[in-house]
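J.: Protein chains in written order, with my numbering: chain W, -15 to 314; chain X, -15 to 314.
Dropping the structure here:
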């Protein structure tokens, strides 16, 4: 499966997901609630989570596989959860812009956006229960709780200047990995997969999420703004301890470490002003090489487990997606 | 069953609910998340919703009734949902105080409180699914969605100066009635009740919620601050169109109606300054009598349906609670 085939596949699946969400949300009574939800959900997102559910539901032999509509109904749960978390994140961060457009809270204020997030969270969980029963509910519940716990862990480690790599991975696993893993596992569950297959796809999903996050970290230093559509150095400016920097901090000699700490202690503009210097130090201590190596390892480990599924088009797509996560430059 | 017996019963049940919640929340990893949740949940609330689940689970003959722990596990779901909505309400309203204590957002800021609400909402729904299956999930999901839709309806009717009684009841049914009705129905469901019994207890729960709201409206005009612990006139000051006022507006002659509209068009202090005048006009048009009459009717209709349950202690408690809702002066 070449790159274009992969892109075509995902484009088609995204369309199917969008149509399912539009039909599902038609029952909302309040006009404003509907507007807020549509603004947040139909924002050019790639629908990666529901697409994974759709693919993973087809991975198994599927004698017990339900019809396409039921799979779609469970798939959109994961887009709803993602959108709910973005609504609340944007309120918490006072964010005005997302993907170059005004956020819902910038347009309508905090109140309807908090409520819209609650509505989506509730609707997602109800839907998961209705379509996939208590088992799907438990999957979704664990992922949502992990996302919240990760936010608290992130806030605490930031407050404590905790720079352990273990914490970095714990936060990334909760914030990004947990929901992707749940989306994958939900598909295999619907498709009637074995416990071994469910464990394998969880690992794939979690590692895809972690690798995605690491590549995000790299692009924030090394990306081409003309490709990514955003300036480099945001993470440093915000004092975010991402993997390349964490590695450099750990490996640096006393003097270089002191320099990095001095930069991190400066205010936002002060940090940004010394971006090139930090880039050089990360490079000197192989922070970028190390981070990319970790992403490669994670993807390799995630893919290795997939041997418990039959070979076929869906497995090709999962491998293609893993390759895309590593290769992406935007 | 006299008043003291009723109070003793509820005190005992509240203790049981509190212990169940404490045990359940012990698994939380983040220290701050735990602190925020405990502050919001263990705040002197009466636990009315979970108590209703406990009572209603015992209403039926109960050949299929699960053990007490499982009933408790479903009961606390309704306290979690209530607490989640209070967390988010207080953020939305920028509230500093609740029950005479600082709110969680006053202590820890907006971010952990939004997340704590999300956590509770998710945990409640997961628990409902795990204990009561897809049926309990659907109950909880409908109630949560109704609560959000009601918030939007309330905001819209306020913006449009819509003063219809129909809207008043729709908002109250969504904001207060839906969750109480779901707590009651969940109990009867666990107890193995028939569809007829489930419909009857829903009506009871919804009407208890509506009557509770109406009595709240009355106390905000006629209450004794020494008993209620809060000043009268808050609703008027905030421009809230509660039932006594709505009725007076509808019945008032041209001149009196113009006076009421003039008061409502004033700013908060301007409204509060004319509280006595508004009291008189509501009295003149029997707004208080009318509202109390509606509360009585709702309770009577709610109780009438309960004849499909066997006579016994639980039915006595439900009747006692209904009487308390009407009689309460704080």
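Glycine included, C-beta positions come from ideal geometry on N, C-alpha and C.
Secondary structure at residue 214 of chain X, three-state DSSP: helix, strand or coil?
T.: Residue 214 of chain X falls in the coil class under three-state DSSP.
J.: Ignore the nearest five residues each way along the sequence and tell me which others in residue 203 of chain X's own chain have a CB closer than 6 Å to its CB.
T.: Taken in chain order, the residues that qualify are 212.
J.: Quick one: give me the first and last residue of the alpha helix (DSSP H) that residue 136 of chain W is part of.
T.: Start and end: 94 to 143.
J.: List the whole-angstrom C-beta distance separating residue 223 of chain X from residue 244 of chain X, where the pair is believed to meet the contact cut-off of C-beta under 8 Å.
T.: Contact doesn't hold; Cβ gap of about 12 Å is too wide.
J.: At the 7 Å Cβ level, is residue 103 of chain X part of the contact set with chain W, yes or no?
T.: It does: the Cβ of residue 103 of chain X has a partner Cβ on chain W nearer than 7 Å.
J.: On a Cα-Cα basis, can you pick out the residue from X:87, X:73 and X:109 that is closest to residue 96 of chain W?
T.: Checked all of X:87, X:73 and X:109; the closest Cα to residue 96 of chain W is X:73.
J.: Can you name the start and end residues of the alpha helix (DSSP H) that residue 271 of chain W belongs to?
T.: Segment 271 to 288, the alpha helix (DSSP H) holding residue 271 of chain W.
J.: In terms of residue numbering, what span does the alpha helix (DSSP H) encompassing residue -5 of chain X cover?
T.: Looking at the DSSP string, the run of the alpha helix (DSSP H) that includes residue -5 of chain X is -13 to 9.
J.: Go through its chain and collect everything with a Cβ distance to residue 125 of chain X's Cβ below 8 Å, but skip five positions before and after it.
T.: 109, listed in sequence order.
J.: Give a yes or no on whether 7 Å exceeds the smallest Cβ distance from residue 117 of chain X to chain W.
T.: Interface residue, yes.
J.: If we ignore side chains and look at the alpha-carbon of each, how far apart do residue 266 of chain X and residue 102 of chain W end up?
T.: Cα to Cα, residue 266 of chain X sits roughly 37 Å from residue 102 of chain W.
J.: From the DSSP output, in three-state form, read off residue 52 of chain W for me.
T.: Looking at residue 52 of chain W - three-state DSSP - the assignment turns out to be helix.
J.: From the beta carbon of residue 98 of chain X, is the nearest beta carbon of chain W less than 7 Å away?
T.: Yes, because at least one Cβ of chain W sits closer than 7 Å to the Cβ of residue 98 of chain X.
J.: For chain X, check one thing: does any of its Cβ atoms lie closer than 7 Å to the Cβ of residue 132 of chain W?
T.: Yes, its Cβ sits closer than 7 Å to a Cβ of chain X.
J.: Nearest CA to the CA of residue 315 of chain W: which residue from W:193, W:-1, W:271 and W:196?
T.: Any property of residue 315 of chain W remains undetermined from this structure, which presents chain W solely from -15 to 314.
J.: Specify the secondary structure class of residue 235 of chain W as computed by DSSP and reduced to three states.
T.: In the structure shown, residue 235 of chain W sits in a helix (DSSP, three-state: H, G or I).
J.: Name, going along the chain, the residues of the region 154 to 178 of chain X whose beta-carbon falls closer than 8 Å to a beta-carbon of chain W.
T.: Correct list: empty, as no residue qualifies.
J.: Going along chain W, which residues have a C-beta under 9 Å from residue 128 of chain X?
T.: The answer, in chain order, is 102, 103, 105, 106, 107, 109 and 110.
J.: Would you mind sorting residue 78 of chain W into buried or exposed? The rule is 16 or more other CB atoms within 10 Å of its CB.
T.: Flag for residue 78 of chain W reads exposed.
J.: As a quick exercise: from X:21, X:162 and X:62, pick the residue whose alpha carbon is nearest that of residue 88 of chain X.
T.: When each option's Cα is compared against that of residue 88 of chain X, the closest is X:21.
J.: Relative to the C-alpha of residue 157 of chain X, which candidate in X:147, X:184, X:193 and X:273 has its C-alpha closest?
T.: That would be X:193, whose Cα lies nearest to the Cα of residue 157 of chain X.
J.: Can you find at least 3 beta carbon pairs, one from the region 110 to 129 of chain X and one from the region -7 to 0 of chain X, that sit closer than 8 Å?
T.: Verdict: no, contact absent.
J.: Got a sec? Which residues, its chain only, sit under 7 Å from residue 320 of chain X by beta carbon, not counting five neighbours each side?
T.: Since the first residue of chain X shown is -15 and the last is 314, residue 320 of chain X is not available in this structure.
J.: Determine, for residue 72 of chain W, whether the minimum Cβ-Cβ distance to residues of chain X falls below 7 Å.
T.: Answer yes: the Cβ-Cβ gap between residue 72 of chain W and chain X drops below 7 Å somewhere.
J.: Would you check if the region 30 to 38 of chain W and the region 136 to 153 of chain X touch, i.e. whether three or more CB-CB distances between them fall below 8 Å?
T.: Touching, no.
J.: Could you pull out every unbroken beta strand (DSSP E) segment of at least 3 residues lying fully inside the region 145 to 225 of chain W, listed in chain order?
T.: Taking only runs of at least 3 residues, no beta strand (DSSP E) segment lies wholly in the region 145 to 225 of chain W.
J.: Between residue 83 of chain X and residue 28 of chain X, is the Cβ-Cβ spacing less than 7 Å?
T.: For residue 83 of chain X and residue 28 of chain X, yes; Cβs fall inside 7 Å.
J.: State the DSSP-derived secondary structure class of residue 30 of chain X, mapped to helix, strand or coil.
T.: In this structure, residue 30 of chain X counts as coil in the three-state DSSP scheme.
J.: Can you say whether residue 42 of chain X is buried or exposed, counting buried as having 16 or more other CB atoms within 10 angstroms of its CB?
T.: Residue 42 of chain X should be labelled buried.
J.: Mind listing the chain X neighbours of residue 17 of chain W? Cutoff is C-beta to C-beta under 8 Å, in chain order.
T.: Simply 132, 133 and 136.
J.: Expressed to the nearest angstrom, what Euclidean distance is found between the alpha-carbon atoms of residue 273 of chain W and residue -12 of chain W?
T.: If you take the alpha carbons of residue 273 of chain W and residue -12 of chain W, they lie about 28 Å apart.
J.: Touching or not, the region 132 to 141 of chain W and the region 158 to 168 of chain W, by the rule of three or more beta carbon pairs under 8 Å?
T.: Contact holds: three or more Cβ-Cβ distances are below 8 Å.
J.: Using 8 Å as the cut-off, can you tell me whether the region 174 to 193 of chain W makes contact with the region 280 to 293 of chain W, which would need three or more C-beta pairs spanning the two stretches below that distance?
T.: Yes, they touch.
J.: Please confirm whether residue 304 of chain X has its beta-carbon closer than 7 Å to some beta-carbon of chain W.
T.: So, not an interface residue.
J.: When you compare only the Cα positions, how much space is there between residue 6 of chain W and residue 71 of chain W?
T.: Computed Cα separation, rounded: 18 Å.
J.: Whole angstroms are fine: how far does the CA of residue 220 of chain X sit from the CA of residue 253 of chain X?
T.: For residue 253 of chain X and residue 220 of chain X, the distance between alpha carbons rounds to 10 Å.
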